[in-house]
Each structure stands twice: as structure tokens, then as C-alpha cells.
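Below: one structure, written as C-alpha cells.
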Amino acid sequence: MSSGTQAEGSSRTAENAALDLLGEVLYVEAGKIDLDTGFTELGLDSILAVEYVSMLKDELGVEQTVASLYELGTPRAFFAHIAAEA
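full-length UniProt numbering numbers the first residue of the sequence shown as 1 and each following residue consecutively.
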């Protein structure tokens, strides 16, 4: 496996883990989350957003702000952002 493929694989793993955590916070199966629906429309209010950001840091070592969730708007954009920073 080349290093590019390894990096791509680990970013996909991080995205999948971040999606699983989002599902956990929203009490929804991760596979049922529409990645192009806004966080607010998905039901991620400010309290849940704080919980989600905390879980990302504790479980994945991903440091983001609640503001970044809302600025990026959708799970797809947010996951692309964290993958780019990995």
C-alpha cells in the first residue's frame, strides 16, 4: 500500500468514525444520516454540538470548534475539512 493510499484510508476511517459519533449524538444510525443536510436540520443543537466536538477530541483526537461545524454547514463539508487537516 502506498503512503497516499494509507493516508486516504486513514482519512476515510476518521470520516467513518466521525459519522458514527454523529449518529451516536443524534441517536440515529450513521447510515441514515444525509451528509448534505445541515447540522441544524439534522437536529444538532448547540448543546449536542458541544458534546459532539468533545467526543471527536476524546475519541479521535480531532480538535474542532462548534463554530466550525456551523460554518461548514453539513457533515460532508465537515468531514472533508477534518480529512484535509489529518
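Ideal Cβ positions, reconstructed from N, Cα and C, are used throughout, including at glycine.
Secondary structure within the region 39-63: the alpha helix (DSSP H) runs of 4 or more consecutive residues, fully enclosed, are 39-42 and 46-55 (chain order). DSSP, read as helix, strand or coil, puts Leu35 in coil.
Leu60 is a Cβ neighbour of Ala17, given a cutoff of 8 Å.
When only Cα atoms are considered, Tyr27 and Ala83 end up about 24 Å apart. In the three-state reduction of the DSSP assignment, Glu29 falls in the coil class, being assigned neither a helical nor a strand state. Taken atom to atom, the span from the alpha-carbon of Leu35 to that of Asp58 is near 23 Å. Here the alpha carbons of Phe78 and Thr13 stand approximately 14 Å from one another.
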